[in-house]
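One line per chain: the protein sequences are A and F, in this order. Sequential numbering from 1400 applies to the first sequence in our numbering. Sequential numbering from 40 applies to the second sequence in our numbering.
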Amino acid sequence: MNDLPFLDITLFLPLAGALLMVLIPKRLEAVLRLAALLVTTATFVVSLGVLVTFDTGTPGFQQGTELSWIPEWGIGYITGVDGVSLWVIMLTTFLMPLCILTSWTIKTQVKPYFILLLTLETGMLGVFSSLDLFLFYVFWEAVLVPMYFLIGMWGHGQRVYAAMKFFLFTLAGSLFMLLSILYLYFASQGSAAAPTFDYRSLVGTPLSLEVQILLFLGFFASFAVKVPLVPLHTWLPDAHTEAPTAGSVMLAAVLLKMGAYGLIRFGIPLFPDAARLLAPVIITLAIIGIIYGALIAIVQHDVKRLVAYSSVAHLGFVVLGLFVGTIQGMSGGILQMLNHGLSTGALFLLVGSLYDRRHTREIAEFGGLARSVPVLAGIFLIVVLSSLGLPGLNGFVGEFLVLLATYQSYGWWVIPATFGIVLAAIYLLWAYQRIFHGTISVEANRHLEDFHMREYVMFAPLVALIIAIGVYPKPFLERIEPSAKKVVRQLNNASVVPETSGLAEAP
Amino acid sequence: MPEFTQPQVQLSGVAPEIILVATALILLIVDTLIGERRNRWFLAAMATAGLVAAGGFAASTWGDNELQLSGAIALDGFASFVKISLAVFGLLTVWVGRDYLVRDGLEDSEFYALVLLAVSGMMLMAAAADLIVMFLALETFSIALYVLVAFKSGSLTSQESAMKYFLLGAFSSAFFLLGIALTYGAVGATALYGGSDPATEPGIALFLSTSPAANTGLLVLATGFLIIGLGFKIAAVPFHMWTPDAYQGAPSPVTGFMAAGTKFAAFAAILRLFDVTLFSLRAEWRPLAIAAAVATMIIGSVLAVVQDDIKRLLAYSSIAHAGFILTAVIAANDRGVSGALFYLSTYGLAVLGAFAVVSVVSGQDEARVRLTGYKGLFYDHPALAVALTLFLLSLAGVPVTAGFFGKLVVFGAAVQASYSWVVAIGVITSAIAAFFYLKIMVRMYLEESEGEPAPLPVGRLATSVIAITAVATIGFGVVPGPLLRAAEDATIFFQPAPETEQAPLGG
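In structure tokens:
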């Protein structure tokens, strides 16, 4: 099949766009905005090519390219996509134009802002499509720099502190991953074969259990910071809250997925014995995260911080699903990555819209907004319901699969996890009530402008997807499942895995 | 009548040094003959020509592999690699130095002559195959540097640092000399390699391979003294005390040259001495080197955090970098030697670039060297700020810069030699180091400048140096292959080659 290399074009189109934008004079702000929108939209269109040519039945990698990069060290440029990465790649390319649209309100330093956003997109897509550990690490770190500047230069309040904390937490974690990667590299040196960074050859490298555990922890340090798992989550509320809206959306929707994705792609397949051994510990941390994130979210008075803590809880569900060791859990976890990206991304966009109107994020400053901005309130409600897992919307499918799987494998552990959903209903609905219902207490809220054209354009596709996944998840799940099954086999050491989740077969 | 055989005097091994010394002398004479002129561009031009010729000659001997001048000089790829790099460093120093000197009204032929002499001494250091020659080389470049540090005539701090540097430097040279004396006592020669017969052509490596292990006691003691002498030059803890003072007081172009050149020359000697000549004694010197590496990494990065003068900060960072490179020395394998060469050349470029920016930003008489002087630099002088950011990211080892790949190769070498725990410390200290590089970036991007932006005249030469080093820093980060291959080719020593140790990996 001689398709265009859609994946590689998707990967480098934003970077190429960013380099071209360097040439546009910085006073032409409107041109810069349009150029960024054009590039990201084109990237999304090209990435549709990845989706269309994706072969549903294949569990392995497809599309992608393999080139030699630094042969002296066995480093290659190897890309590929499978069921695990497909939806996060699509999520990234889908959300990016929306982020550009929401950034229309950025007025200072417009040129570097959009250049950094586009660079960030290439970095994130690279993380999800690299099959060479060196390449993966390069992209992984390359994401840090633009995000650091986005938070630091265009953020709010404590932006310097938040940016610094974000950078140092993530860097410290990833340096341990680098050490593990190096160790693995030399361990892969066979009697005949030269050492390699090629992920596909590294899977199955024989390692003693002690070494596996140490290397797994090296990777885990990096991924657990990104996910984030309690107690490594403290950078998240600061970074999410202080970042500009587009930065928060990217952080929540995509950067956090990098951690979960890393666990599925590298943590489990490379060190299956360690992953199996440590699974109960990780599951415990995930459940603590679910409860803790939700409890802290309840008491927040800053709506953005509330959404940030809800991410901690939601990502707990994702990690829970990945490590319970069944196909439902794995598929549910992967689908939940997509769902969380959509619903939390949308929540941050909505909070951004509120902020643009009132320049505050204090819940107490709002109240009764449903009267002045009915459309915004309606969209907000749909997103909130999706985020708390209402049946018929996307959040339900993923969480249901994860809880089902947890019950099957871990029995009563499902009780605290389910409690997390109840808590989610409390903090989300209570916040919704305080913002949109009741009487208008602050005069400034009385005459607010409702959605304008740009916002309709932004939220229509989001809401459509939220409903589509909720009503008919099959096309999404059937692309995830073959690859998910493969990872579950690796985790369970090829023991018997139920064939499907059952849901993909549903009419 | 006995046949008269003309002694073979081959000078190709020291031709670059001879060219430089000759250029330096001609430069001084020409300056005297021509007398006072307003624009003395020809001085810098002559120095440039000399450095290009020297570097070119070193490049032309690439591939030669022999001992010259009765085994005192090594003409091999290793020496050529170091010499070419040093010629480039010298060139960049001359260019930045010219703009700096003209601005501060200090231009003198002595500056160029001293830089050329220092470069020639550093080159000889890499080619020395005899401890006496090594000592001569060490003194040649050290004395030239003592004067260069004091070159800001009329500046008390400059004089003070030169004095400190000189006193401590002389002290360390004495240790080095004592080490040579003890070596002579043990081996009966000061040649590193020796010929085929211990009786006629004695040498250290030959001694080690032919004598029983019991006879090496004195040599081990000598090794300790040699470590002190060279440890001073690379600024390894606990011989680092002079570094912050000397770096702070010296004119910025000279500081950059010291950081790049001195380190390279001294490490070249260390690599040839320890990783090749004394390779079989590694069980004895390794513990010392490990202790020094660990202490250097920790002290360098921790103390850098509290500096508020950019030159002192970069001085401590250079100490930390000495520690990182020492991990490659400890590895004592092929990857270690080539990794160190790669690291030193790319570190040199980044640090020269950084100090080029510092010389420009610090302004007349270096009045603006505190970190607060960098506030809002991005908004006033975006190009300078972006360039400095690039160098700092390379020093911090963030991917897509050359510094990242350098770190990868030196750490990789140590992992291969089963010193993962040393690398773990290196990784932690790298994260600490990232903090203070970020601190500078915070000033430049995230803080507003105080008062009116001062105009910064950037000379054409300084601009080209910053551009060249910036392009090289990115270039060798994206395509490290060619430089790495050259470094690997350079590690083929003609005498006892370090056998590659198989890391006991993989359980």
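Here a beta-carbon is modelled for each residue, glycine too, at the ideal position from N, C-alpha and C. On a predicted model such as this, the values are computed, not experimentally measured, just so you know.
At the C-beta level, residue 1491/A and residue 1524/A come within 7 Å of one another. One Cα belongs to residue 460/F, the other to residue 1576/A, and the distance between them is close to 14 Å. Close CB contacts of residue 163/F within its chain, under the 6 Å cut and outside five residues either way in sequence, are with 56 and 176 (chain order). If the five residues before and after residue 1756/A are omitted, its C-beta is found closer than 6 Å to the C-beta atoms of 1847, all from its own chain and listed in chain order. Residue range 112 to 114 is occupied by the beta strand (DSSP E) that includes residue 113/F, with no alpha helix (DSSP H) assigned at that position.
Here residue 106/F carries a strand assignment [DSSP, helix/strand/coil]. For residue 1775/A, the three-state secondary structure derived from DSSP is helix. For residue 1475/A, the enclosing beta strand (DSSP E) covers residues 1474 to 1477. If one requires a minimum length of 3 residues, no beta strand (DSSP E) run lies completely within the segment 267 to 333 of chain F. Neighbours of residue 527/F across chain A, judged by C-beta separation under 7 Å: 1471. The segment 1507 to 1515 of chain A and the segment 1626 to 1636 of chain A do not touch, with fewer than three beta-carbon pairs separated by less than 8 Å. Contact between residue 398/F and residue 292/F is confirmed by a C-beta separation of about 5 Å, below the 8 Å threshold.
Beta bridge pairing from DSSP links residue 409/F with 348/F.
Residues of the segment 455 to 469 of chain F with a C-beta atom less than 7 Å from some C-beta of chain A are 455, 459, 462, 463, 466 and 469, listed in chain order.
The three-state reading of DSSP puts residue 1761/A in strand, counting E and B together. At least 7 Å separates the CB of residue 521/F from every CB of chain A. Note that the segment 1606 to 1621 of chain A does not touch the segment 1693 to 1702 of chain A; fewer than 3 beta-carbon pairs, one per stretch, sit closer than 8 Å. Non-local beta-carbon contacts of residue 1780/A in its own chain, meaning distances under 6 Å to residues more than five positions away in sequence, are absent. Contact between residue 485/F and residue 1556/A does not hold, since their C-beta atoms are separated by about 12 Å, which reaches or exceeds 8 Å. In the displayed model, residue 1461/A falls within a strand according to three-state DSSP. Residue environment: residue 251/F is assigned as exposed (fewer than 16 neighbouring CB atoms within 10 Å of its CB, all protein chains considered).
For chain F, the residues of the segment 1556 to 1577 of chain A that bring a beta carbon within less than 8 Å of one of its beta carbons are 1558, 1559, 1562, 1563, 1566, 1567, 1570, 1571, 1574, 1575 and 1577, in chain order. For the segment 1671 to 1758 of chain A, the continuous alpha helix (DSSP H) assignments of 4+ residues that do not extend past its boundaries occur at 1671 to 1697, 1702 to 1722 and 1726 to 1757, in sequence order. Under a criterion of Cβ atoms nearer than 9 Å, the residues of chain A adjacent to residue 473/F are, in order, 1566, 1567, 1570, 1571 and 1574. Taken in chain order, the members of the segment 429 to 452 of chain F whose beta-carbon sits within less than 9 Å of a beta-carbon on chain A are 432, 435, 436, 437, 438, 439, 443, 444, 446, 447, 448, 450 and 451. Residues of the same chain with a CB within less than 8 Å of the CB of residue 369/F, apart from the 5 flanking positions on each side, are 325, 328, 329, 332, 375, 453, 456, 458 and 461 in chain order.
Put simply, the segment 1604 to 1615 of chain A does not touch the segment 1538 to 1551 of chain A. Fewer than three CB pairs are less than 8 Å apart. Beta-bridge analysis with DSSP links residue 1466/A to 1476/A.
Per DSSP, the beta-bridge partners of residue 230/F are 169/F. The Cβ atoms of residue 448/F and residue 381/F sit closer than 7 Å to each other.
Listed along chain F are 417, 484 and 485, each with a C-beta nearer than 9 Å to that of residue 1552/A.
The continuous stretches of alpha helix (DSSP H) do not include residue 1811/A, and DSSP gives it neither H nor E. By alpha-carbon distance to residue 1473/A, the top candidate from 1504/A, 1534/A, 1425/A and 1480/A is 1534/A. Scanning chain F for C-beta atoms nearer than 9 Å to the C-beta of residue 1541/A yields 437, 438 and 439, reported in chain order.
Taking 7 Å as the cut-off, the beta carbon of residue 426/F is found no closer than this to the beta carbon of residue 479/F. Identification of residues in the segment 296 to 328 of chain F having a C-beta nearer than 7 Å to some C-beta of chain A yields an empty set.
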